[in-house]
Amino acid sequence: MGSVVINLNLAGREVELLVKPLATLQSVLRNQLGLTSVKEGCRQGGCGSCTVLIDGEPMMSCLLPVQDVAGRTVTTMEGLNSPEGPTPIQQAFLDHHGYQCGYCTPGMEIVTTALLEHNPQPTRDQIVEALAGNVCRCTGYQPIVASIAAAAASAGEEVR
Amino acid sequence: MTVANYFQPESVPEAIGLLADHGPELLVIAGGTIAMPLINEGISLPSQVMGLRRAGLDGINLDGYTMRIGAMVTLTRLGEQYHVPLLATDAGRIAGWSIRNMATVGGNIFAPPPAGDLATALLALDARLTISGAHGERELALADFWTGFMTTSLEPDELLTSISVPLDVEPSAFIKFGRKQANTPSVVTVAVTAGRIALGAVGPHPIRARQAETVLAAGLLDRATIATAADAAAAECDPATDAIATDWYRRRMVRVMVERALTELAAKSKGKEA
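Residue numbers (the working numbering), protein chains in the order written: chain L, 1 to 160; chain W, 161 to 434.
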């Protein structure tokens, strides 16, 4: 069969790609498209640093054959960034020291994006539950939980 | 060696045709949460791979007294249904959010211990499997499906297509006991329904605690009966030592968790009668 051509919707942009059979979405996003927010952490689905949104739902891109998501919408942190400055979620992570080395941060912020989409005012337990698949080796998680709570609160302020 | 072909059949007949064409060398993956880590690490080096996300196996259908779950239904989807509370509770306790969005009901039945939490609940529900092959469909009780560690009675040209569970199984109780609250392999998983006790992570595959079930058949779920059943379950399970726990610890935790699950079941039964 050799390489195959697939289409993805990447943050609103249609892209056509030549991929190897069973190539992972993670390797294609990072190595072929240069989207370096998508980390290659454990490649086991155990760390969450490669988390991206597929049609708005978080998934581990290291376990996902890119051919399985052909035609679907893939969102990475690059697609959520704003040229005007940090997004409310990013600002909350800045304000509350939600990262140290930064390696897990894109995955954490991707999950945060999906969480607040599903549940704009999550409880502390719901935040912790949503983060269960994402590992951070620096912060001890408390500043990340605080960041997400603050992001939810600031989004609530904007609505009011 | 690299993967030569990744097939994405769009129907069950197409998938079965591919199995017939390629034989046992065709690796079948469902959600990919077990197979892809092995491929990424180079432990598994398949040449021919078949993925089932487009095969039309992702429906949940109610049929009289039965819920039929397509093999490719994700754990997230299963957790959202309310017809069988045991499965909703169980599915919600497995791994983390992103994995639950990918992992499938059918795939969990092939998960090697200490994984297979969902299969443990399915076993307590006496689930039946529908298996499709070139010569048609057959049904099989889940309890008769496994033949050993990572071996099953599935023929190389067959595909697990759906899992059926009865809708009227109430009450039930489920305990996943691990070293953390979430996203963790089990020390032991216990699922109980009236008359059935299933144990995960303490054998070559999820197992029924038949001796303990015999104890329950004798009468009421009082404290003495529950304690005797828990002792029997601890005696008959066959745990392994791994990075999560020793066989010694697992066996002791089987006793404790079976007792807790049956106590919860007894309380729910009483509530139902009142």
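C-beta atoms are modelled at their ideal positions from N, C-alpha and C, and glycine is treated no differently.
Take every Cβ of the stretch 102-119 of chain L, pair it with every Cβ of the stretch 36-49 of chain L, and state whether three or more of those distances are shorter than 8 Å.
Yes, they touch.
Please classify VAL414 of chain W: does DSSP put it in a helix, a strand, or coil?
DSSP places VAL414 of chain W in helix when its eight states are reduced to three.
For the pair the stretch 55-66 of chain L and the stretch 192-199 of chain W, tell me if three or more CB-CB distances fall below 8 Å.
Yes: the two stretches touch, three or more of their Cβ pairs being nearer than 8 Å.
What do you reckon, are the CB atoms on THR51 of chain L and SER258 of chain W nearer than 8 Å?
Against a cut-off of 8 Å, the Cβ pair of SER258 of chain W and THR51 of chain L comes out as a contact.
Scan the stretch 364-397 of chain W and note each continuous alpha helix (DSSP H) run of 4 residues or more that stays entirely inside, going in chain order.
The qualifying runs are 370-377 and 383-396.
At a Cβ threshold of 8 Å, is MET210 of chain W touching chain L?
Not closer than 8 Å to any Cβ of chain L, the Cβ of MET210 of chain W fails to qualify, so no.
With 16 other CB atoms within 10 Å as the buried threshold, where does ALA403 of chain W fall?
Flag for ALA403 of chain W reads exposed.
Taking 8 Å as the CB-CB limit, is ARG213 of chain W close to chain L?
At least one chain L Cβ lies under 8 Å of ARG213 of chain W.
Reducing DSSP to helix, strand and coil, say where GLU299 of chain W ends up.
Strand at GLU299 of chain W.
Residues in its own chain within less than 7 Å of VAL233 of chain W by CB, not counting five upstream and five downstream?
Once the five neighbours on either side are set aside, the close Cβ partners of VAL233 of chain W are ASP218, ILE220, THR264 and VAL265.
Report the option in W:PRO366, W:ARG237, W:ALA392 and W:ALA378 whose CA atom is closest to the CA atom of THR311 of chain W.
Looking at the Cα atoms, W:PRO366 is the closest of the given residues.
Given GLY267 of chain W, which residues of its chain have a CB within under 6 Å of its CB, disregarding the five upstream and five downstream residues?
Cβ neighbours of GLY267 of chain W beyond the five flanking positions: ALA190 and GLY191.
What would DSSP say about TYR409 of chain W, mapped onto helix, strand or coil?
If DSSP states are grouped into helix, strand and coil, TYR409 of chain W belongs with the helices.
Could you check if THR162 of chain W is buried or exposed, using at least 16 other CB atoms within 10 Å of its CB as the buried criterion?
Exposed, by the Cβ-count rule.
Taking three-plus beta-carbon pairs below 8 Å as touching, is the stretch 371-381 of chain W in contact with the stretch 296-312 of chain W?
They do not touch, by the three-pair rule.
Under 8 Å Cβ-Cβ, which residues of chain W neighbour MET60 of chain L?
Those are THR193, SER258, ILE259 and MET262, listed as they occur along chain W.
Hey, quick one: how far does the beta strand (DSSP E) through ILE6 of chain L stretch, first residue to last?
Taken as a continuous stretch (DSSP letters only), the beta strand (DSSP E) holding ILE6 of chain L covers 4-10.
Can you pull the chain L neighbours of TYR166 of chain W, defined as C-beta to C-beta under 7 Å?
Simply PRO21, LEU22, PRO65 and GLN67.
Mapping the DSSP letters down to three states, classify THR123 of chain L as helix, strand or coil.
It is coil, neither helix nor strand.
Cβ of GLU129 of chain L less than 8 Å from any chain W Cβ?
Chain W, which has a Cβ nearer than 8 Å to the Cβ of GLU129 of chain L, makes this yes.
Mind listing the chain W neighbours of GLN100 of chain L? Cutoff is C-beta to C-beta under 9 Å, in chain order.
Neighbours of GLN100 of chain L on chain W: none; closest Cβ ~21 Å, over 9 Å.
Note down the Cα distance separating ALA161 of chain L from GLN90 of chain L, rounded to an integer number of angstroms.
Chain L is shown from 1 up to 160; residue 161 of chain L falls before or after that span and cannot be answered.
Restricting to Cα atoms, I'd like to know which of L:MET59, L:ASN31 and L:ARG30 is closest to GLN44 of chain L.
Nearest option by C-alpha distance: L:MET59.
Determine which residues of the stretch 317-346 of chain W have a Cβ less than 7 Å from any Cβ of chain L, and write them out in chain order.
Answer set for the stretch 317-346 of chain W: ALA342 and ASN343.
Based on DSSP bridge pairs, tell me the residues matched to THR311 of chain W.
Partner(s): W:GLY308.
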